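Residue numbers (this note's numbering), protein chains in the order written: chain A, 35 to 322; chain B, 35 to 322. Glycine included, each C-beta is placed from N, C-alpha and C at the ideal position. A quick note: this is a predicted structure, and the numbers were derived from the prediction, not measured.
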């Protein structure tokens, strides 16, 4: 049948330091209901956002190795910190399997959304230190001025599930006020950590209702949808999708949090040991 | 010289998931100014307080192995979570090197301090789940009623250095109010995480000025001082003490935080790889 659209029913691999990337997985599942997915959360070593470049790169190589080993057709780095430190390296190491991070899509959307070119990025300590958003935003808009703001407590509030009311807003205010009251304040903020969409309402209340808030994970999901279509990697219309979860710490806590996130029982959770995992350099990427 | 007091100039090993144990190290240094110490912070894998028993035990065995390998005369588990899950195991595995955790000393002090026998324990999720404080307190006071309260956000506020004012107090109130207003409310609280002494003023403001707050780390330091004297393990009067630091993530961030904690420059910080570390079972404890 010469008119058949090429398709590929292998799963998409999504990896994150822990549970934050579930917001990206959720965005992917709503856009790509026929795709199978394997989500890997490195829960025994989370969070990545306070750790060094070298350590995050090592962890990311091990996670990518575990997912390639399971035959994924595409690798999504759902964690902003890992995207900041390990994207270029994993792109080379995983070829021909494409690798998508969350920073480029978020940066592009912010470069378009900002009127003044002054953009704030709310992120982890490590992402702020990396300068990855500055570099990415300037690649789309060279005259942009980018202010990265490390907001470690917002990660903790999101994990606690305490996302609205005066206390979360006071914490948001602590991080935003020094920039909001500058003469050259940004006119939009990137939510540059997968946990921060959970605090969107609190951030919007502090910044003001008109402020654009860019969700990097949602923009990454849009990019991935386009990439699958362009490259003939989409699942067939008859595919029966399956979502599996791999974690490095015990599965119980993860299954509970993931079930809350998806509003339905998550039970396919398997514990894996990434220390036993050959790092991605030593892998041969599976044939397409 | 038959009257010579026995002494031992080998260092004391102190291990923690990261930086919280520096409060215990500080208490030890002020009580034991002649003792050399090696502090190991597992900064590449912190925090332990949200992780499973099995994972915390594995990490603790590796950390103990690294310190025994460096010839410590005594091992202090400064982390409450690791004390809860790994103390008994490490005591057997490290013999004849004595191992001291922070839970027994804190539990004993609380059993003495409480009038009513109703004791609250502020701790991590994992320590609460372990039931270790309940067991330890009841071993000193069998009729005690123990309420463990997991306070994960307090760890984050301590790490952020945001320890007083209305927002930290609002967070403390969230955790304490449900127990403070019960008819059978506790009459003292144990600070059952090494980070919590940093928030003592905020906790005191919420609980009320008369409430006893038991600092497990300070009581552990008292126990260690007594143990060294009783067992002839104290350093000689002419010993030249040295404090060294081992970390599993990059040393820069740790050196900065430790320098703030001690009010003087900390520079002997070495990065170690615990994955390469034989777990403590495989070690022969060095001769005394």
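Pick from the options that is closest to residue i, judged by C-alpha positions
i, options, result
"residue 206(A)", "294(A), 236(A), 231(A)", "236(A)"
"residue 40(B)", "88(B), 265(B), 103(B)", "265(B)"
"residue 76(A)", "84(A), 51(A), 161(A), 57(A)", "51(A)"
"residue 187(B)", "192(A), 184(A), 183(A)", "192(A)"
"residue 42(B)", "127(B), 261(B), 91(B)", "261(B)"
"residue 183(B)", "194(B), 222(B), 73(B)", "222(B)"
"residue 58(A)", "111(A), 100(A), 194(A)", "111(A)"
"residue 231(A)", "248(A), 150(A), 257(A)", "248(A)"
"residue 180(A)", "215(A), 224(A), 279(A)", "224(A)"
"residue 276(B)", "64(B), 70(B), 258(B)", "70(B)"
"residue 85(A)", "149(B), 53(B), 174(B)", "53(B)"
"residue 87(B)", "106(B), 117(B), 136(B)", "117(B)"
"residue 73(A)", "47(A), 83(A), 66(A)", "47(A)"
"residue 303(A)", "226(A), 291(A), 281(A)", "281(A)"
"residue 134(B)", "283(B), 208(B), 62(B)", "62(B)"
"residue 250(A)", "145(A), 270(A), 274(A)", "145(A)"
"residue 83(A)", "92(A), 102(A), 113(A)", "113(A)"
"residue 89(A)", "129(A), 120(A), 215(A), 65(A)", "120(A)"
"residue 278(B)", "92(B), 234(B), 94(B), 106(B)", "106(B)"
"residue 197(B)", "233(B), 291(B), 64(B)", "233(B)"
"residue 138(B)", "292(B), 258(B), 297(B)", "258(B)"
"residue 307(B)", "149(B), 100(B), 194(B), 151(B)", "100(B)"
"residue 152(B)", "292(B), 291(B), 56(B), 213(B)", "213(B)"
Counterpart residues of residue i in DSSP-defined beta bridges
i, result
"residue 62(B)", "DSSP output for residue 62(B) lists no bridge partner at all."
"residue 50(A)", "75(A)"
"residue 184(A)", "157(A)"
"residue 277(B)", "71(B)"
"residue 337(B)", "What is shown of chain B runs 35 to 322, which leaves residue 337(B) out entirely."
"residue 152(A)", "179(A)"
"residue 304(A)", "280(A)"
"residue 214(A)", "In DSSP, residue 214(A) forms no bridge with anything."
"residue 224(A)", "155(A), 248(A)"
"residue 131(A)", "Answer is none; residue 131(A) lacks a bridge partner."
Buried or exposed (CB count within 10 angstroms, at least 16 for buried), residue i
i, result
"residue 229(A)", "buried"
"residue 79(A)", "buried"
"residue 253(A)", "buried"
"residue 211(B)", "exposed"
"residue 309(B)", "exposed"
"residue 199(B)", "exposed"
"residue 287(B)", "buried"
"residue 140(B)", "buried"
"residue 35(B)", "Any answer about residue 35(B) is weak, because its pLDDT of 49 lies below 50 and its placement is not dependable; what the coordinates show is given next. Looking at its Cβ environment, which holds fewer than 16 other Cβ atoms inside 10 Å, residue 35(B) is exposed."
"residue 263(A)", "exposed"
"residue 81(B)", "buried"
"residue 294(A)", "exposed"
"residue 272(B)", "exposed"
"residue 217(A)", "exposed"
"residue 301(B)", "exposed"
"residue 176(A)", "exposed"
"residue 268(A)", "buried"
"residue 397(A)", "Residue 397(A) cannot be examined here, being either before or after the span of chain A that is shown, 35 to 322."
"residue 195(A)", "exposed"
"residue 55(A)", "buried"
Distance between beta carbons of residue j and residue i, contact taken as under 8 Å
i, j, result
"residue 131(B)", "residue 156(B)", "In fact, because the Cβ distance is near 30 Å, the residues do not count as touching under 8 Å."
"residue 305(A)", "residue 285(A)", "5 Å"
"residue 115(B)", "residue 169(B)", "Wrong, their Cβ atoms sit about 15 Å apart, outside the cutoff."
"residue 189(A)", "residue 201(B)", "Actually they do not touch by this definition, with Cβ atoms about 16 Å apart."
"residue 172(B)", "residue 178(B)", "6 Å"
"residue 243(B)", "residue 154(B)", "Residue 243(B) to residue 154(B), Cβ: 17 Å. No contact."
"residue 147(A)", "residue 67(A)", "No, residue 147(A) and residue 67(A) are not in contact; Cβ-Cβ is about 28 Å, not under 8 Å."
"residue 94(B)", "residue 124(B)", "6 Å"
"residue 209(B)", "residue 227(B)", "Between residue 227(B) and residue 209(B) the Cβ distance is about 12 Å, and since that is not below 8 Å, they are no contact."
Listed by chain order, chain D residues near residue i by CB distance under 7 Å
i, result
"residue 294(B)", "In the structure shown, chain D cannot be found, because the protein chains are A and B."
For this session: Could you name the residues of the segment 76 to 107 of chain B whose beta carbon sits closer than 7 Å to any beta carbon of chain A, in the order they occur along the chain?
Result: 78, 79, 85, 86, 88, 89
Exercise. Listed in chain order, which residues of the segment 176 to 190 of chain B have Cβ atoms closer than 9 Å to some Cβ of chain A?
Worked result: 186, 187, 189, 190
Exercise. Using a Cβ cut-off of 7 Å, which residues of the segment 198 to 229 of chain A contact any Cβ in chain B, in chain order?
Worked result: 201, 204, 205
Problem set entry | Near-chain B residues of the segment 269 to 288 of chain A - C-beta to any C-beta below 7 Å | 283, 284
Problem set entry | Residues, ordered as in the chain, of the segment 58 to 77 of chain A that lie near chain B by beta-carbon distance below 9 Å | 77
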